[in-house]
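The numbering of the sequence shown is the UniProt record's numbering, which starts it at 1 and goes up by one.
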Amino acid sequence: MNTGKVMLLIVLSTTIGNSQVTNYFKEGSRWVYSSWESSEPGQQTVHRSEEQFIIHGDTVISGVPYAKLYSTVHHMLDVFHSWPPHTETIHTYDSIGPSFIRYDTLINKVFYLPSIDSTERLIYDFNLQVGDTTPLQSINLETTVVRSIDTVSVFGISVRRFFITDVSQNMPESLNYILEGIGGSNGLISSTPETYPLGGGVYTTLLSCFQNQDSTYLVFDIDCPFIDFISDIKQISDKHVVTIYPNPTHDIVIMNISDDLLHGTYTLFDCTGRVTQSFKLTEINTLIRLDTAGLYFWEVKDKNNLIQTGIIISQ
1 MNTGKVMLLI VLSTTIGNSQ VTNYFKEGSR WVYSSWESSE PGQQTVHRSE EQFIIHGDTV
61 ISGVPYAKLY STVHHMLDVF HSWPPHTETI HTYDSIGPSF IRYDTLINKV FYLPSIDSTE
121 RLIYDFNLQV GDTTPLQSIN LETTVVRSID TVSVFGISVR RFFITDVSQN MPESLNYILE
181 GIGGSNGLIS STPETYPLGG GVYTTLLSCF QNQDSTYLVF DIDCPFIDFI SDIKQISDKH
241 VVTIYPNPTH DIVIMNISDD LLHGTYTLFD CTGRVTQSFK LTEINTLIRL DTAGLYFWEV
301 KDKNNLIQTG IIISQ
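Structure follows, in structure tokens:
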């Protein structure tokens with residue numbers, strides 16, 4: 001076989017391999033994740049949430065095409081009262097977006113851009129083999145690796161499923177994985193895997209369902225909920241962008257804002273509604289320290305107009 005025929009076979013093989021992976025990181029895709037906090041006897045509050053990611057629209061940033069990614073979170077804070085004994089559930093909603101995501105099908109990798117002036121980072125590499133380190137790391141587990149690989153049918157198409165584990169812990173493999181071309185079971189842009197917690201305050205995130213156009217992939221035998229934007233929570237426009245990461249965190253987060261929010265006001269509340277921080281925003285990136293673990297609510301205002309609200313989980 002001559003060199004030309006060998007090169008042609010290599011090109012054809014690569015093209016066929018790439019064509020088998022459907023690009024779901026585009027208009028019409030929706031992911032729903034459920035998260036919850038572990039508890040222990042005597043714990044007074046437990047946090048749960050449902051987060052929905054939707055791709056709607058696209059744009060070009062610095063010559064690179066991206067899909068626009070919007071997130072809506074339904075937070076549920078269960079407060080346990082001793083007398084009279086009852087549980088009160090506080091519901092809040094948080095709408096964030098757009099951030100930006102792109103799937104490079106030529107190299108089979110997914111990149112995420114939190115905001116226009118931030119740095120792109122690799123979140124998925126669908127070329128991984130057993131033993132390779134995953135790029136999407138967890139706030140709780142510093143390093144996760146591919147433990148095994150199998151295939152699963154999604155919309156009638158066989159896709160690879162990369163089971164992940166921490167190098168130092170025994171994790172329940174069946175709940176922690178990445179679906180080729182779709183994303184992780186423990187979060188789309190961040191990872192909070194299922195572990196064996198020894199106490200309260202440890203978070204887990206699991207994929208509930210994935211929807212593409214009219215087709216729905218159900219992980220559990222339940223309906224795929226749709227979370228509407230709530231009327232008093234404004235959908236973030238391209239003009240006003242506030243991003244806080246990492247979240248959940250241990251004690252430090254970075255707040256990234258768009259230029260037009262400079263000189264706006266940031267306020268942080270604890271779970272009782274007490275103001276713990278409040279200051280003018282004078283920089284695009286602001287380092288925020290959280291003195292104690294817990295659930296915090298934040299808001300950004302500009303000229304007395306509420307721009308965005310959200311929740312920070314400090315573990």
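Backbone N, C-alpha and C define an ideal beta-carbon position, used for all residues, glycine too. Remember, it's a predicted structure, so these values are computed and weren't measured experimentally.
task = Could you name the residues of the same chain whose beta carbon sits closer than 6 Å to that of L9, not counting the 5 residues immediately before and after it, in chain order?
result = Because the pLDDT at L9 is just 39, under 50, the model does not fix this residue reliably, and the value given afterwards should be weighed accordingly. Closer than 6 Å at the Cβ level, and outside the excluded window around L9, lies no residue.
request  = Say whether chain D places a C-beta atom closer than 8 Å to the C-beta of Q211.
outcome  = No chain D is present in this structure, which holds just one protein chain.
request  = Starting from the Cα of I164, find the closest Cα among E173, S158, V154 and I312 and give me that residue.
outcome  = E173
query = Which of the three DSSP states, helix, strand or coil, is assigned to E40?
reply = coil
query = Relative to the C-alpha of I227, which residue among T45, E27 and H91 is closest?
reply = H91
key: Strand pairing of H47, partner residues [DSSP]   = L77
task = Apply the 10 Å Cβ neighbour rule to D232 and answer buried if 16 or more other Cβ atoms are within range, or exposed otherwise.
result = In this predicted model, D232 has a pLDDT of only 38, less than 50, meaning its place in the structure is not dependable; the value taken from the coordinates is given anyway. Classification for D232: exposed.
task = Note down, in chain order, each residue of its chain lying with its Cβ closer than 6 Å to the Cβ of L268, except the 5 sequence neighbours on either side.
result = T276, Q277, Y296 and W298
task = Check the C-beta distance from G201 over to S49 and give it rounded, since I have them as a contact under 8 Å.
result = Their Cβ separation, rounded to whole angstroms, is 15 Å, which puts G201 and S49 out of contact at 8 Å.
inquiry  = I need the DSSP call for D251, collapsed to helix, strand or coil.
reply    = coil
task = With a 10 Å radius around its C-beta and 16 neighbouring C-beta atoms as the bar for buried, classify R289 as buried or exposed.
result = exposed
key: For L175, three-class secondary structure by DSSP   = helix
ask   = Can you tell me whether DSSP reads Q308 as helix, strand or coil?
value = strand
message = Considering just the uninterrupted stretch of the beta strand (DSSP E) at H86, what are its terminal residues?
response = H86 to D104
inquiry  = Classify N127: buried if its beta carbon has 16 or more other beta carbons within 10 angstroms, exposed otherwise.
reply    = exposed
ask   = If you count every other CB in all the chains shown that lies within 10 Å of the CB of P193, and 16 or more means buried, which is it?
value = buried
C-alpha gap between Y196 and N247, whole angstroms = 21 Å
request  = Name the residue from I252, L106, R102 and E283 whose alpha carbon lies nearest to the alpha carbon of E120.
outcome  = R102
ask   = Exposed or buried, F155, counting other C-beta atoms within 10 Å across all chains shown (16 or more means buried)?
value = exposed
inquiry  = How far does the beta strand (DSSP E) with F297 in it extend, from its first residue to its last?
reply    = G294 to D302
task = Could you spell out the range, first to last residue, of the beta strand (DSSP E) harbouring F162?
result = I157 to D166
request  = On a CA-only basis, which of K301, N285 and D302 is nearest I116? Give me that one, please.
outcome  = N285
request  = Compute the beta-carbon to beta-carbon distance between Y203 and S35, rounded to the nearest angstrom, for a pair I have assumed lies under 8 Å.
outcome  = 6 Å
query = Anyone know if the C-beta pair for residue 319 and N304 falls short of 8 Å?
reply = Any question about residue 319 goes unanswered here, given that the chain covers just 1 to 315.
message = When you measure from the CB of H81 to every non-hydrogen atom of the ligand FAD, does any distance come out below 7 Å?
response = As for the ligand FAD, it is missing from this structure, which has no ligand bound.
ask   = Is the beta carbon of G310 less than 8 Å from the beta carbon of I96?
value = yes
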